[in-house]
Amino acid sequence: MKTNSPRVLLVDDSPALSVLLTGLLSPRGVEVVTRTDGLGGIEAARSQLFDLVLLDLGLPGMDGFEVCRRLKANPESSGIPVIILTGRDDTADKVKAFEIGATDYVCKAGNHAEMLARILSTIREKKTQDKAAAATQRERERTQTEMLRISKAVDSASDAICIVDSSNRAIYVNPAFTQLFGLTFEMLESPGRQRPLFVKPEIWESICEACMAGFSWKGEVEMFDKDGRLAPVLCRADSIQDDHQNLLGVVFIYTDITQRKRMERDLLYAANYDPLTGLANRRRFEENLRGAVRRAQSGLPGYLLYLDLDKFKVINEALGHKAGDRLLTEVTRLLQEHVRGSEALSRLGADVFTMLLDNADEAEASQLAQRLMSVLGDFRFQLNERAFITTASIGMVRIDGSGAAEDLLAQADSACHVAKSRGGNGMVVYRADNVEMQRLVRDAEWCVRASEAIAESRLELWLQPVVPLRSVQSGHFEVLVRLRETDGSVISPYHFLPALERFGKMLELDRYVLRQAVDLLGANPGMRVAVNLSAKSMNDSTLAGSVARLLEKAGVEADRLSFEITETDVIQNLAQAQALIGEIRALGCAFALDDFGSGASSMMYLRNLPVDVLKIDGSFVKEIDVDTVSRALVKSMTEVARILGKKTVAEHVSSEGVLNVVRELGIDYVQGWHVCEPGPSRCFQGKPLPDLCLEAAD
Numbered sequence: 037m038k039t040n041s042p043r044v045l046l047v048d049d050s051p052a053l054s055v056l057l058t059g060l061l062s063p064r065g066v067e068v069v070t071r072t073d074g075l076g077g078i079e080a081a082r083s084q085l086f087d088l089v090l091l092d093l094g095l096p097g098m099d100g101f102e103v104c105r106r107l108k109a110n111p112e113s114s115g116i117p118v119i120i121l122t123g124r125d126d127t128a129d130k131v132k133a134f135e136i137g138a139t140d141y142v143c144k145a146g147n148h149a150e151m152l153a154r155i156l157s158t159i160r161e162k163k164t165q166d167k168a169a170a171a172t173q174r175e176r177e178r179t180q181t182e183m184l185r186i187s188k189a190v191d192s193a194s195d196a197i198c199i200v201d202s203s204n205r206a207i208y209v210n211p212a213f214t215q216l217f218g219l220t221f222e223m224l225e226s227p228g229r230q231r232p233l234f235v236k237p238e239i240w241e242s243i244c245e246a247c248m249a250g251f252s253w254k255g256e257v258e259m260f261d262k263d264g265r266l267a268p269v270l271c272r273a274d275s276i277q278d279d280h281q282n283l284l285g286v287v288f289i290y291t292d293i294t295q296r297k298r299m300e301r302d303l304l305y306a307a308n309y310d311p312l313t314g315l316a317n318r319r320r321f322e323e324n325l326r327g328a329v330r331r332a333q334s335g336l337p338g339y340l341l342y343l344d345l346d347k348f349k350v351i352n353e354a355l356g357h358k359a360g361d362r363l364l365t366e367v368t369r370l371l372q373e374h375v376r377g378s379e380a381l382s383r384l385g386a387d388v389f390t391m392l393l394d395n396a397d398e399a400e401a402s403q404l405a406q407r408l409m410s411v412l413g414d415f416r417f418q419l420n421e422r423a424f425i426t427t428a429s430i431g432m433v434r435i436d437g438s439g440a441a442e443d444l445l446a447q448a449d450s451a452c453h454v455a456k457s458r459g460g461n462g463m464v465v466y467r468a469d470n471v472e473m474q475r476l477v478r479d480a481e482w483c484v485r486a487s488e489a490i491a492e493s494r495l496e497l498w499l500q501p502v503v504p505l506r507s508v509q510s511g512h513f514e515v516l517v518r519l520r521e522t523d524g525s526v527i528s529p530y531h532f533l534p535a536l537e538r539f540g541k542m543l544e545l546d547r548y549v550l551r552q553a554v555d556l557l558g559a560n561p562g563m564r565v566a567v568n569l570s571a572k573s574m575n576d577s578t579l580a581g582s583v584a585r586l587l588e589k590a591g592v593e594a595d596r597l598s599f600e601i602t603e604t605d606v607i608q609n610l611a612q613a614q615a616l617i618g619e620i621r622a623l624g625c626a627f628a629l630d631d632f633g634s635g636a637s638s639m640m641y642l643r644n645l646p647v648d649v650l651k652i653d654g655s656f657v658k659e660i661d662v663d664t665v666s667r668a669l670v671k672s673m674t675e676v677a678r679i680l681g682k683k684t685v686a687e688h689v690s691s692e693g694v695l696n697v698v699r700e701l702g703i704d705y706v707q708g709w710h711v712c713e714p715g716p717s718r719c720f721q722g723k724p725l726p727d728l729c730l731e732a733a734d
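In structure tokens, the structure reads:
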């Protein structure tokens with residue numbers, strides 16, 4: 037039984053939200069009824085009377101979209117307004133929600149005051165509509181005189197209301213009607229003004245047919261105001277009949293949906309076009325590309341061009357995002373001057389643009405690519421009295437109708453990658469038999485396999501001992517990685533490390549190995565390990581903090597964890613590397629410079645690098661027993677290290693002869709297959725280091 041108090045149905049499985057909304061609405065006289073799943077919400081809406089449904093999208097079982105569809109499809113619940121309450125502020129979801137009949141879309145994480153105001157506003161609108169509908173029902177049972185008397189009760193209604201008699205002459209309009217359409221009652225009485233708001237003839241006929249048959253009519257229509265402008269409204273027409281089912285008149289109730297329609301248009305635009313450049317976005321591009329594939333299948337092949345600006349990241353990071361956005365808008369303007377068709381040019385994100393050429397051959401596509409590279413090459417981005425050169429790499433692929441849209445995009449992307457790998461400012465046409473393409477595809481596959489292995493914890497830690505040659509020193513293990521396939525086979529890092537580096541995934545690998553290594557130390561008191569860091573990690577300002585938190589959480593002493601870096605990675609940003617090494621050393625961790633001697637500038641940088649250990653490159657060590665030059669070089673490196681107070685490690689100790697020479701030169705530690713082969717970490721746990729390493733220690 038319905039009471040005067042508004043009733044709200046909350047369909048959400050969050051107890052916290054139920055408590056929040058009850059606390060907000062109850063003091064305002066609104067009763068909140070909660071259901072935690074979609075089916076329960078649908079049943080409640082059918083069996084009880086509610087003024088509003090608050091609906092979550094992420095329900096267990098049936099999602100919120102399906103619940104909304106069913107509510108709107110059922111006559112018993114179709115009239116209840118639905119507000120989507122969700123934690124995701126997603127444009128596509130908003131568009132979809134309005135398409136299936138939702139009244140509003142509110143983010144849970146937003147302002148509670150705004151959420152409450154929108155809920156109460158919708159309840160008030162529903163109450164007003166209910167009042168108007170009730171008034172219409174009463175009008176059906178009265179004469180024309182009673183209709184006029186009752187019409188005074190709707191003067192204050194927020195919806196526009198117009199009542200006509202059985203001859204289709206206006207006998208009443210409320211103030212909201214006049215405000216919305218600019219038409220007064222006197223104006224409607226004038227000759228030629230017999231149809232309320234002059235809807236299109238076919239719509240008017242359907243309204244009349246429904247009302248003459250005693251039915252209601254409801255729909256979204258565009259009505260003409262007094263100046264002939266179209267106004268979008270939600271129109272409801274109810275017939276008024278006497279006790280003998282004779283038509284006495286029709287009550288029209290109009291709800292202004294101009295703002296909602298504007299919002300829908302804005303959301304639709306945002307879902308398909310890039311807000312910065314106004315170009316088609318990825319979603320719209322993918323639709324256009326599928327259309328190009330269909331046209332190619334009908335005999336109109338074309339080309340897809342994939343353009344990526346060179347060095348954009350440098351400009352964006354050095355000058356700021358506002359400068360980067362300005363550069364993108366200026367590049368867009370240049371591209372639009374040379375690409376025909378408003379839908380041909382798209383921005384997929386960041387600094388990536390695509391062009392679709394219909395009914396074009398390779399010569400035409402190549403000419404366009406060369407022209408774009410020339411235009412961009414001549415362009416100078418001006419900022420703060422400085423000029424920056426902008427070039428681009430372009431990948432092209434033929435659209436012949438034989439390949440899927442997503443495959444074509446991947447192929448154009450691959451071609452662009454190859455162009456970038458050649459130094460940029462170039463164009464490459466995708467060829468399946470191209471060696472560089474094949475290598476890129478192979479690396480991409482390895483990158484995916486390695487990323488999946490990281491996510492599934494199938495990237496295993498292997499260890500190789502670094503053994504002291506003096507009993508007063510303590511040894512440790514270098515941490516290596518192997519990929520364990522789902523069939524149990526073990527894959528060498530030779531296959532996947534270059535791929536991860538090429539596609540910018542080394543930071544994820546480093547963080548994974550670091551976490552696993554600290555866990556290993558936590559489970560094995562007394563063990564010491566050295567973890568390799570990539571160039572990505574050396575440029576990560578958050579690394580020191582992460583190391584500190586991991587060690588504290590695992591209860592591991594910092595001096596049991598050390599790091600290995602290469603000269604090549606360090607000199608990319610020497611100042612930042614020095615600062616990062618200093619922060620981590622302050623925690624108690626040591627650093628080793630790996631592959632020492634392999635770089636042309638090793639000695640020059642050594643004085644400025646705060647490292648504790650030099651690992652002499654194995655290319656010098658492995659033949660030290662037979663090559664006098666290698667022996668002299670290693671001896672020199674050892675003496676320099678000793679002068680600088682740094683320990684030394686000989687890598688790639690491959691024979692007893694090499695080991696003996698290393699001893700003679702006074703090197704502190706040895707590592708190599710002759711000393712001990714690398715193996716899974718479990719093989720070294722709980723075992724003393726010297727027991728595993730032949731006769732490396734005296």
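Quick note: the sequence shown uses the working numbering, first residue 37, plus one each step.
Backbone N, C-alpha and C define an ideal beta-carbon position, used for all residues, glycine too.
Membership of Met473 in the alpha helix (DSSP H) is indicated by the continuous run Val471 to Ala491. A direct Cα-to-Cα measurement between Leu499 and Arg718 gives close to 9 Å.
Scanning the stretch 315-355 for uninterrupted alpha helix (DSSP H) segments of 4 residues or longer gives 318-333 and 348-355, listed from N- to C-terminal end. Membership of Tyr208 in the beta strand (DSSP E) is indicated by the continuous run Ala206 to Val209.
Leu536 is the residue among Leu536, Glu687 and Val606 whose C-alpha sits nearest the C-alpha of Arg485. Per DSSP, the continuous beta strand (DSSP E) segment holding Gly385 begins and ends at Leu381 to Gly385. Shown here for Gly218: same chain residues with a beta carbon closer than 6 Å to its own, the five before and five after excluded, namely Asp261 and Lys262 in chain order.
Between the alpha carbons of Phe627 and Phe599 lies a distance of about 5 Å. As for any beta strand (DSSP E) of minimum length 3 sitting wholly inside the stretch 248-284, the runs are 253-260 and 266-277, ordered along the chain. Within the same chain, Phe389, Ala428 and Ile430 come within 6 Å of Leu343 by CB-CB distance, once the 5 residues on both sides are set aside. Residue environment for Gln707: buried (at least 16 other C-beta atoms within 10 angstroms of its C-beta). In this model, Val477 and Leu445 are separated by some 13 Å (Cα to Cα). The alpha-carbon of Arg538 is positioned some 34 Å away from that of Glu373. Pairing Val694 with Ile652, the inter-Cα distance amounts to about 13 Å. Residue pairing by DSSP places Glu496 opposite Arg518 in a beta bridge.
Around the beta carbon of Asp302, a 10 Å sphere encloses fewer than 16 other beta carbons of the protein chains shown; the residue is thus reported as exposed. Excluding the 5 residues flanking it on each side, Leu266 has same chain C-beta neighbours closer than 8 Å at Glu258, Met259 and Phe260, in chain order.
The shortest CA-to-CA distance from Val286 to any of Ala145, Glu492 and Ala171 is the one to Ala171.
Taken through DSSP and simplified to helix, strand or coil, Asp630 comes out as strand. In this structure, Gly250 keeps its C-beta atom at 8 Å or more from the C-beta atom of Ala332. The Cβ atoms of Asp661 and Val697 sit closer than 8 Å to each other. Gly431 is bridged by DSSP to Tyr342 and Val464. Proximity of the stretch 558-573 to the stretch 601-615 meets the contact definition, three or more beta-carbon pairs being nearer than 8 Å. Residue pairing for Ile199: DSSP places it in a beta bridge opposite Tyr208 and Val287. A straight line joining the alpha-carbon of Lys167 with that of Arg160 spans about 10 Å. Excluding its 5 nearest sequence neighbours in each direction, Val592 has C-beta neighbours in its own chain below 7 Å: Val554, Leu557 and Gly558, listed in chain order. DSSP, read as helix, strand or coil, puts Phe86 in coil. Listed in chain order, the beta strand (DSSP E) runs fully inside the stretch 553-580 are 565-568, counting runs of at least 3 residues. The residue from Ala306, Glu256, Cys247 and Thr291 with its alpha-carbon nearest to that of Leu283 is Cys247. Val388 has Asp344 and Gly385 as its beta-bridge partners, per DSSP. With a contact defined as Cβ atoms closer than 8 Å, Lys163 and Asp87 qualify at about 6 Å. Each of Asn644, Leu516 and Leu121 was checked against the Cα of Leu497, and the nearest Cα belongs to Leu516. If the five residues before and after Met542 are omitted, its C-beta is found closer than 6 Å to the C-beta atoms of Leu536, Ser570 and Lys572, all from its own chain and listed in chain order. Just measuring C-alpha positions, the residue of Asn395, Arg596 and Arg407 sitting nearest Arg434 is Asn395. Put simply, of Arg296, Ala196 and Gly77 the residue whose alpha carbon is nearest the alpha carbon of Gly137 is Arg296. Annotated as distal: Ile207 and Ile289, with beta-carbon spacing of 8 Å or more.
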